[in-house]
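Colleague: Per the UniProt record's numbering, residue 1 is the first one in the sequence shown, and the count goes up by one each step. Note that the Cβ used here is the ideal one computed from N, Cα and C, for glycine as well. Starting off with a structure, shown below.
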Amino acid sequence: MAKGLIGKKIGMSQIFDEQGNIIPVTVLEVGPCAVSQVKSAATDGYDAIQLAYQDDKEKHLTKGEIKHLAKAGLAPKRVLKEFRNFGEEPAAGAELKAQDVFAVSDIVKVTGTSKGKGFQGVIKRYGHHGGPGAHGSRFHRHPGSMGSNTTPGRVFKGRKLPGRMGFDTKTVLNLKVVRIHEAENLVFVSGSVPGRANSIITIEKI
C-alpha cells in the first residue's frame, strides 16, 4: 500500500477537541488516486508506485501520456506522481482512497506550491527594515549598500535583492491527521499547508 496520496487543498478551518480547545486545521481533499504504474528494481532500477489523480480532457495530455494511462485501463488524468516508499504492492489500475492509507493521529508531511507574490522588494521579500521615512532621506525602501568600492569592485553572489517571490515547492513536516471524512475523501490536518485553495498537494506518512 502507498504511504502517500495526491490531493488538493480546500482551505483552512477550525475544530474543537474533547476538552474544548480550538485546533486550526487545513482541509485537504485526498484522492481517490488510481495506480497508473508499479515500478520494480528489476525492470526500472528502483521500487516505486505511480499514482494518477483528477480526470482531465484528452486535449490537455500528450499522446504518450494517454497511451501510458490506457495501459493501466485509466482515463486521462491531470496529475501523475511517484512515491518511492510503499509496503504491500497494489495492482495497476487499483483505486486508493484517503481511509486506505491514513488514520487519525498519523504524522504526515504535505508538499505544495506556495502562493505567488510576483516581483517584490527586499522589505516584503526578506523583511529588511528600510531607510528613514523623513529627515531628507531619499532611500525609504531600497536594499541599501551593495558592497565595497574598488575592492572587490563587484556585488557578491547571493546578495538579497528585489525579485520574484513565492510560487515555490514547499514541504511542511510533522502535521497531525486530526479527522478523516470518508464519504467526501477529506483529511483534516493540524496547522497550515502551503498554497492557495484548490492547489495540488501531496501528503505522505512520515
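Would you mind sorting Ser36 into buried or exposed? The rule is 16 or more other CB atoms within 10 Å of its CB.
Modeller: Stepping through the sequence shown from its first residue, residue 36 is reached at position 36. Buried: at least 16 other Cβ atoms inside 10 Å.
Colleague: In this structure, how does DSSP classify Val104 when only helix, strand and coil are distinguished?
Modeller: Here the question's residue 104 lines up with position 104 in the sequence shown. In this structure, Val104 counts as coil in the three-state DSSP scheme.
Colleague: Once the 5 residues before and after Asn185 are set aside, which same chain residues still bring their CB inside 7 Å of it?
Modeller: Residue numbering aside, residue 185 sits at position 185 when the sequence shown is read from its first letter. The residues are Glu29, Val30, Gly31, Pro32, Lys97 and Ala98.
Colleague: Suppose the cutoff is 6 Å on Cβ atoms and the five residues either side in sequence are ignored; what does the same chain contact list for Glu182 look like?
Modeller: Here residue 182 refers to the residue found at position 182 when the sequence shown is read from its first residue. These residues qualify, in order along the chain: Gln99.
Colleague: Please say whether Lys3 and Val101 have beta carbons closer to each other than 8 Å?
Modeller: Here residue 101 corresponds to residue number 101 of the sequence shown, with the count starting at 1. Here residue 3 corresponds to residue number 3 of the sequence shown, with the count starting at 1. Cβ atoms of Val101 and Lys3: closer than 8 Å.
Colleague: Let's test the definition: count the other Cβ atoms within 10 Å of the Cβ of Lys77 and tell me whether it reaches 16, buried, or not, exposed.
Modeller: By 1-based counting over the sequence shown, the position of residue 77 is 77. Buried, since its Cβ has 16 or more Cβ neighbours within 10 Å.
Colleague: Taking only the alpha-carbon atoms, compute the straight-line gap between Gly158 and His128 and give it to the nearest angstrom.
Modeller: Sequence index remark: in the sequence shown, residue 158 carries index 158 (1-based). Sequence index remark: in the sequence shown, residue 128 carries index 128 (1-based). So the alpha carbons of these two residues sit roughly 15 Å apart.
Colleague: Can you give the Cα-Cα distance for residue 218 and His142, rounded to whole angstroms?
Modeller: The displayed coordinates of the chain run from 1 to 206. Any statement about residue 218 would go beyond what the structure contains.
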